[in-house]
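Colleague:
2 protein chains.
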Amino acid sequence: MHVNQTAQYALRAMLHLAALPKGSPARARDLSRATGIPPAYLSKIMRRLVTGGLLRARKGHGGGFALARRPESIRLRDVLGAVGGELERDLCIFGNGRCDASAPCPLHHSWSELNDAFHSWARRTTLADMKTGRLRRRAGRR
Amino acid sequence: MHVNQTAQYALRAMLHLAALPKGSPARARDLSRATGIPPAYLSKIMRRLVTGGLLRARKGHGGGFALARRPESIRLRDVLGAVGGELERDLCIFGNGRCDASAPCPLHHSWSELNDAFHSWARRTTLADMKTGRLRRRAGRR
DNA sequence: CGCTCACCGGACAGTCAAGTCCATTTCCGG
DNA sequence: CCGGAAATGGACTTGACTGTCCGGTGAGCG
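See below:
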């Protein structure tokens with residue numbers, strides 16, 4: 002169970018932005034200080050989030066970064082996807098190219114269950130949930 | 002959801018060995034051909050599994066690798082642990098140094114649930130389960 | 001207009017997992 | 001005892017991830 006550092010950084014930055022009063026932008030420098038992310042690297046990450054449509058950036062005086070959408074509509078999977086990884090589900094824990102319900106590896110079923118749990122969680126949880134601390138309960142059991 | 006390549010290789014190799022008649026060793030070269038793992042790299046992995054006490058190695062004519070214990074007593078977590086990773090649970094998905102039940106990050110609870118599910122699965126599942134295809138049901142729901 | 005502020009974006013460096021190569025050691029069979 | 005078969009282990013390469021540096025670009029303000 003592991004999320005790479007870039008993804009961790011992205012989540013920290015997004016959380017910080019979500020906590021700000023709506024519309025007020027934060028400068029990369031301030032974000033860096035607040036989150037402990039190396040400033041130069043943070044810039045790279047922020048760009049990916051902008052490109053991904055999750056953030057809006059404004060240059061010059063009074064500029065900075067702000068959420069492009071309401072926190073309720075920004076899912077964890079959007080953030081993880083924007084910074085590039087962590088979402089391609091391992092179809093097979095053995096790394097077999099061909100492994101699905103019709104030609105399963107010996108662990109396919111139970112491994113898929115875990116995968117589903119993770120993806121469903123990332124799809125279900127939004128920035129707003131992180132803000133409030135309240136988390137959506139799972140809609141139903143599989 | 003992701004297990005690194007080395008871990009995938011280790012699982013493939015162990016599965017192959019578990020399928021063999023008990024006690025008959027397999028050569029690295031044959032294992033490599035059977036599993037598609039690069040031979041030189043497979044050797045490295047096998048050594049880690051030997052060092053970890055999961056395999057026994059014999060050199061020379063008629064040598065090779067064989068399980069050091071019964072398949073029922075070799076857990077997935079043993080294999081993953083022996084090849085070095087995948088088991089250190091991310092204490093915090095944000096990468097915060099301090100994050101536990103007493104000082105949780107906004108996602109601590111739900112993230113821990115996923116982590117627990119994974120670790121419990123890796124502790125519960127053995128090589129024997131992989132062989133038979135039968136999988137132990139989870140002891141209880143959380 | 002012109003200055004400053006903040007993001008933009010490319011070039012570059014360090015680290016680690018993944019993988020290769022080869023000499024060495026150890027063992028078995030004849 | 002000898003030759004080959006097999007694991008062992010160190011040195012090396014490669015590429016992705018992480019991180020730094022710095023010049024460029026565009027926006028706002030006086």
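Chains A and B, in that order, are what the protein sequence lines are. First residue of the first sequence? That's 2 in the numbering used here, and the numbers climb one at a time after it. First residue of the second sequence? That's 2 in the numbering used here, and the numbers climb one at a time after it. Quick reminder that beta carbons are idealized off the backbone N, C-alpha and C, glycines included. Here the structure is a predicted model, which means the values were calculated and not measured.
1) So what's Phe-1(A) in DSSP terms, helix, strand or just coil?
2) Indicate whether Gln-9(A) and Gly-96(B) have their beta-carbon atoms separated by less than 9 Å.
3) At the 9 Å Cβ level, is Met-2(A) part of the contact set with chain B, yes or no?
4) In angstroms, rounded to a whole number, what distance separates the CA positions of Arg-99(A) and Pro-40(A)?
5) Touch check for the stretch 63-78 of chain A and the stretch 19-39 of chain A: three-plus C-beta pairs under 8 Å?
6) Does Ile-38(A) come out as helix, strand or coil in the three-state DSSP assignment?
7) If you pair each beta-carbon of the stretch 120-130 of chain B with each one of the stretch 107-121 of chain A, do three or more pairs fall below 8 Å?
8) From the DSSP secondary-structure annotation, give me the bridge partner or partners of Ala-27(B).
9) If you draw a straight line from the alpha carbon of Arg-142(B) to that of Ser-121(B), how long is it in whole angstroms?
10) Taking Phe-119(B) as the query, report the chain A residues whose CB atoms sit under 7 Å from its CB, ordered along the chain.
11) Indicate the three-state DSSP secondary structure (helix, strand or coil) for Leu-108(A) in the structure shown.
12) Look at the Cβ atom of Ala-102(B), then the Cβ atom of Thr-52(B), and state whether they are nearer than 9 Å.
13) Roughly how far, in whole angstroms, is the beta-carbon of Leu-50(B) from the beta-carbon of Leu-56(B), given that I think they are within contact range, below 8 Å?
14) Kindly indicate if chain B contains any beta-carbon less than 9 Å away from that of Lys-45(A).
15) Arg-48(A) bridges to which residues according to DSSP?
16) How is Arg-59(A) classed by DSSP in three states: helix, strand or coil?
17) In its own chain, which residues sit with a C-beta less than 8 Å from the C-beta of Gly-64(B), not counting the 5 before and 5 after it?
18) Against chain B, does Ile-75(A) count as a neighbour if the rule is that its beta carbon must be under 9 Å from one of theirs?
19) Quick one: give me the first and last residue of the alpha helix (DSSP H) that Val-80(A) is part of.
20) Nearest chain A C-beta to Ser-33(B) closer than 9 Å, yes or no?
Modeller: Concretely, from the data shown:
1) Residue 1(A) lies beyond the range of chain A shown here (2 to 143); nothing can be said about it.
2) yes
3) For Met-2(A), the answer is yes, since a Cβ of chain B falls inside 9 Å of its Cβ.
4) For Arg-99(A) and Pro-40(A), the gap between their C-alpha atoms comes out near 42 Å.
5) yes
6) coil
7) yes
8) Phe-66(B)
9) At Arg-142(B) the pLDDT is 43, less than 50, meaning the model places this residue with poor confidence and gives no usable figure here.
10) Met-2 and Leu-115
11) coil
12) no
13) 5 Å
14) no
15) Note: Arg-48(A) sits in no beta bridge, so no partner.
16) strand
17) Pro-26, Arg-28 and Ala-58
18) no
19) 77-83
20) no
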